Amino acid sequence: MDSRDQANGLPRTLLAPNIVGDRARKPASGAFARRNPANRDDIVTLAPESTREEVREACETARRAQREWARTPAPRRAQVIGRLGKLLSEQKERLSRFVSREMGKPVREARGSVQEAIDTAEFFQSEGRRLYGQTVPSELPNKELFTYRRPIGVCGVITAGNFPIAVPSWKLVPALLCGNSVVWKPSEDAPGTAALFYELWKRAGLPDGVLQVVHGRGAGGAGEFLIEEIDAGHIDKVSFTGSTHVGRKIGEVCGRNLQVPSLELGGKNPLVILADADLELAVEGALWASFGTAGQRCTSAGNIIVDKRVMPLVERELARRAAQLKIGDPLDESVSYGPFINERFLERWIAQRATGLDDGAEILLDGRRIAKGEEPPNFSGDAERGLYATPRIFKNVKMSMRIAQEECFGPTVNLVEVDGIEAALEAANGTPYGLSSAVYTRDASLMLRFKEEIRAGMTSVNNSTTGAEAHLPFGGNGWSGNGTRESGIWVLDSYTRWQAVNVDLAGKLQKAQIDLVDTREGEPLALDEFVT
Ligand code: NAD
Numbered sequence: 048m049d050s051r052d053q054a055n056g057l058p059r060t061l062l063a064p065n066i067v068g069d070r071a072r073k074p075a076s077g078a079f080a081r082r083n084p085a086n087r088d089d090i091v092t093l094a095p096e097s098t099r100e101e102v103r104e105a106c107e108t109a110r111r112a113q114r115e116w117a118r119t120p121a122p123r124r125a126q127v128i129g130r131l132g133k134l135l136s137e138q139k140e141r142l143s144r145f146v147s148r149e150m151g152k153p154v155r156e157a158r159g160s161v162q163e164a165i166d167t168a169e170f171f172q173s174e175g176r177r178l179y180g181q182t183v184p185s186e187l188p189n190k191e192l193f194t195y196r197r198p199i200g201v202c203g204v205i206t207a208g209n210f211p212i213a214v215p216s217w218k219l220v221p222a223l224l225c226g227n228s229v230v231w232k233p234s235e236d237a238p239g240t241a242a243l244f245y246e247l248w249k250r251a252g253l254p255d256g257v258l259q260v261v262h263g264r265g266a267g268g269a270g271e272f273l274i275e276e277i278d279a280g281h282i283d284k285v286s287f288t289g290s291t292h293v294g295r296k297i298g299e300v301c302g303r304n305l306q307v308p309s310l311e312l313g314g315k316n317p318l319v320i321l322a323d324a325d326l327e328l329a330v331e332g333a334l335w336a337s338f339g340t341a342g343q344r345c346t347s348a349g350n351i352i353v354d355k356r357v358m359p360l361v362e363r364e365l366a367r368r369a370a371q372l373k374i375g376d377p378l379d380e381s382v383s384y385g386p387f388i389n390e391r392f393l394e395r396w397i398a399q400r401a402t403g404l405d406d407g408a409e410i411l412l413d414g415r416r417i418a419k420g421e422e423p424p425n426f427s428g429d430a431e432r433g434l435y436a437t438p439r440i441f442k443n444v445k446m447s448m449r450i451a452q453e454e455c456f457g458p459t460v461n462l463v464e465v466d467g468i469e470a471a472l473e474a475a476n477g478t479p480y481g482l483s484s485a486v487y488t489r490d491a492s493l494m495l496r497f498k499e500e501i502r503a504g505m506t507s508v509n510n511s512t513t514g515a516e517a518h519l520p521f522g523g524n525g526w527s528g529n530g531t532r533e534s535g536i537w538v539l540d541s542y543t544r545w546q547a548v549n550v551d552l553a554g555k556l557q558k559a560q561i562d563l564v565d566t567r568e569g570e571p572l573a574l575d576e577f578v579t
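Once you know that position 125 of the sequence shown is 172 in the working numbering, the rest is easy, because the numbers rise by one and skip nothing.
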């Protein structure tokens, strides 16, 4: 990996190569610059805009490499994952600081997301010694039945930029462990992080060709080219994390090729505060769920649904504490959140204000882009060069409003008033999404009711909507995904196919079902009299 000095005393720029064929490639076409969202003068990474031909070559290389990799015994494949986990641990601080600089999440959170990748590697290292199949009793004598997990082939992986190391690890680790090869199109918001992650895979001993990396844009670039390879027969499985809009398009292509993709998509996550809740805990959870990572998590809270008996207190406390959040330089250990990841998210967040007001919502706390000369007192960033904003809270929001229905992906949240658990559940289930959810209550029967009736794939009781663990299934329903799950043992079903094998030791042809025919006629049926 190469790097160069920047003017103005800024840190060096990383040159992130494509990994096509057996080695790192200099860009065949143009390169794009990834800038630090906290300081747009800082070019963090230069990465290639991959061509259609490069993406195809990556798929062909991955196809060749996959055969040998699948023949490598699973426990030995898992040793690579184990070494990766150790290398991630050794490099944790350096990686976390780089993630923070490249995509803007506070370094404390970046450490957590690198830790998530370490946890994932640790979990799947042991899974390589399991990857269990079953022995199944046969209905015929002298016959054995078995099931085996088999790799699917070449996986096309496309990821978003908000968790640039944790989410790719959720896909790459199990896909490779199961004996697949991968062509990865990382987010254009984090190409440098992808390059560092790739280097660790190589150091861990991953053979050449098994993991290919193609950088570039999504629409009209490497992402779309990779999806075209499904129709061409070069990709056997897609794993995608990103917006519902793009996921739907990918799902259509996979559908006509009779493939089941893994689609982890957007969310409009409800956090419910019932009348009996521990309000101190609930407001703390709501604040973190809404404004952690500047609201740029798929599991960020979108709608805070509050019982009318406690709404005045929740409104007052949430607004008071949100106004005090420290915003600024993500490398500052004390900030609550940093900048937007990119201009696209900032622009959508700016437009959301007018949408809310048009729909009749009221502003409880007016979030604004932080401009030079208008910095709030608790701000530690560079307002001129960074993409920062203060938190926005809407009140008197109805579930029919667009701001209650559409994901925004920024520091904004809606307060929706309800009366009791029935109305709370109706509101919480009142969007097309179903990723994460939370309820705050002290009443065990209300907890049970919420767990049973909420449609989300993930539910917290007395905890924030955010926060995953590497051994618990992660994923959503409705517009949040197609029902596949990441993490833990459940993800193995996404990267393997079941093979059923029967071994007949009878020395003569035995026919299941047919050789066991029971010829007794049984009692006549009432309908027999209609049979002519
Ligand atoms: P996005 O869908 O625009 O981009 C995600 C990835 O897809 C990027 O690598 C991008 O280059 C690529 N891409 C874009 N258009 C493409 C196309 N036409 N064909 C192929 N690839 C294409 O998503 P975003 O807006 O950058 O990221 C935020 C979204 O991701 C939010 O909706 C968020 O909720 C979601 N997300 C979901 C999860 C989850 O696990 N459910 C996790 C993180 C983020």
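Heads up, the beta-carbon is just placed ideally off N, CA and C, and yes, glycines get one too. All of these numbers come straight from a predicted model, not from anything done at the bench.
Measuring only from the beta carbon, is E469 closer than 7 Å to any heavy atom that is part of ligand 1? In terms of side-chain proximity, the C-beta atom of E469 is found no nearer than 7 Å to any non-hydrogen atom of ligand 1.
In its own chain, which residues sit with a C-beta less than 7 Å from the C-beta of V578, not counting the 5 before and 5 after it? If you ignore the 5 residues before and after V578, its C-beta comes within less than 7 Å of no other C-beta in its own chain.
Go to W545, then tell me how far its alpha helix (DSSP H) extends in each direction, as first and last residue. Run containing W545: none in the alpha helix (DSSP H); it sits in the beta strand (DSSP E), T543 to D551.
Only counting the same chain, and skipping five residues up and downstream in sequence, which positions put a Cβ closer than 6 Å to that of E409? Cβ neighbours of E409 beyond the five flanking positions: K442 and N443.
The alpha helix (DSSP H) spanning Y179 covers which residue range? For Y179, no alpha helix (DSSP H) segment is defined, and its DSSP state is neither H nor E.
Segments assigned alpha helix (DSSP H), at least 4 residues, entirely inside the stretch 291-331: Complete alpha helix (DSSP H) runs here, min 4: 291-303.
Does the beta carbon of A279 sit closer than 8 Å to a beta carbon anywhere in chain D? Structure shown: chain D not included; a single protein chain is present.
What residues match up with P184 in a beta bridge as DSSP calls it? Partner residues in the beta bridge of P184, as assigned by DSSP, are E191.
Reduced DSSP category for M48 - H, G, I as helix; E, B as strand; rest coil: Interpretation of M48 is limited by its pLDDT of 43, a score under 50 that renders its predicted location unreliable; no figure is taken from the coordinates.
In the DSSP output, what is Q259 paired with across the bridge? Answer is V230.
Under a Cβ-count criterion, where at least 16 other Cβ atoms within 10 Å of its own Cβ denotes burial, should F193 be classed as buried or exposed? The Cβ neighbour count for F193, taken over all protein chains shown within 10 Å, is under 16; the residue is labelled exposed.
Let me confirm a value: S286 is counted as buried when at least 16 other C-beta atoms fall within 10 Å, else exposed. Which label applies? Answer is buried; the Cβ neighbour count reaches 16.
Counting only runs of 4+ residues fully inside the stretch 412-499, write out the alpha helix (DSSP H) ranges in chain order. Here the runs fully enclosed are 449-452 and 467-475.
Indicate the three-state DSSP secondary structure (helix, strand or coil) for A348 in the structure shown. When DSSP states are grouped into helix, strand and coil, A348 belongs to the strand group.
Ignore the nearest five residues each way along the sequence and tell me which others in G403's own chain have a CB closer than 6 Å to its CB. F441 and I450, listed in sequence order.
Is G208 helix, strand or coil when you go by DSSP? The answer is coil: DSSP assigns G208 none of H, G, I, E or B.
Please find out if some non-hydrogen atom of ligand 1 comes closer than 7 Å to the beta-carbon of I277. The closest heavy atom of ligand 1 lies 7 Å or more from the beta carbon of I277.
Among V486, V220 and T291, whose alpha-carbon lies nearest the alpha-carbon of D354? For the residues V486, V220 and T291, the minimum Cα distance to D354 belongs to V486.
Flag this pair as touching only if the stretch 80-90 and the stretch 247-262 have three or more C-beta atom pairs under 8 Å; answer yes or no. A contact between stretches requires three or more CB pairs, one per stretch, nearer than 8 Å, and the stretch 80-90 fails this requirement with the stretch 247-262.
Could you have a look at V382 and say whether DSSP puts it in helix, strand or coil? If DSSP states are grouped into helix, strand and coil, V382 belongs with coil.
Could you say which of I205, A401 and K152 lies nearest to S290 if we only look at CA atoms? In this structure, I205 is the residue among I205, A401 and K152 with its C-alpha nearest to the C-alpha of S290.
Rounded to the nearest angstrom, what separates I90 and M446 at their Cα positions? Between I90 and M446, the C-alpha separation is close to 41 Å.
If I follow the unbroken alpha helix (DSSP H) through T512, where does it start and stop? Following the DSSP letters along the chain, one finds T512 in no alpha helix (DSSP H), marked with neither H nor E.
Can you find the residues in the same chain that come closer than 8 Å, C-beta to C-beta, to R144, ignoring five residues on each side of it along the sequence? Same-chain partners within the cutoff: V154, A157 and L378.
Among V214, I536 and C106, which one has its Cα closest to the Cα of A279? Out of V214, I536 and C106, C106 has the C-alpha closest to the C-alpha of A279.
State the DSSP-derived secondary structure class of L519, mapped to helix, strand or coil. In this structure, L519 counts as coil in the three-state DSSP scheme.
Kindly indicate the opening and closing residues of the alpha helix (DSSP H) around V146. K139 to M150 is the extent of the alpha helix (DSSP H) around V146.
Please report the distance separating the alpha-carbon of A63 from that of L219. So the alpha carbons of these two residues sit roughly 18 Å apart.
Enumerate in chain order the residues of its own chain whose CB-to-CB distance from A13 is below 6 Å, with the five nearest sequence positions on each side excluded. A query on residue 13 cannot be resolved here, the shown segment of the chain reaching from 48 to 579 and no further.
Pick out whichever of R264, G314, K498 and E570 has its Cα sitting closest to the Cα of G342. G342 has its Cα closest to that of G314, out of R264, G314, K498 and E570.
In three-state DSSP terms, what is V353? Strand, per DSSP.
When you compare each of R400, L273 and T340 to Y384 by their alpha carbons, which one comes out closest? Ranking the options by Cα distance to Y384, first place goes to T340.
Please list the terminal residues of the continuous alpha helix (DSSP H) segment that includes L62. Counted as a single uninterrupted DSSP element, the stretch harbouring L62 is not any alpha helix (DSSP H) but the beta strand (DSSP E) occupying residues T60 to L62.
Straight-line CA distance for L482 to L310? Rounded to whole angstroms, L482 to L310 spans 12 Å at the Cα level.
Is G313 near ligand 1, in the sense that its beta carbon is under 7 Å from a heavy atom of that ligand? Indeed, a heavy atom of ligand 1 lies less than 7 Å from the Cβ.
Take D562 and list the residues in its own chain whose beta-carbon comes closer than 8 Å to its own, dropping the five residues that flank it on each side. Taken in chain order, the residues that qualify are L187.
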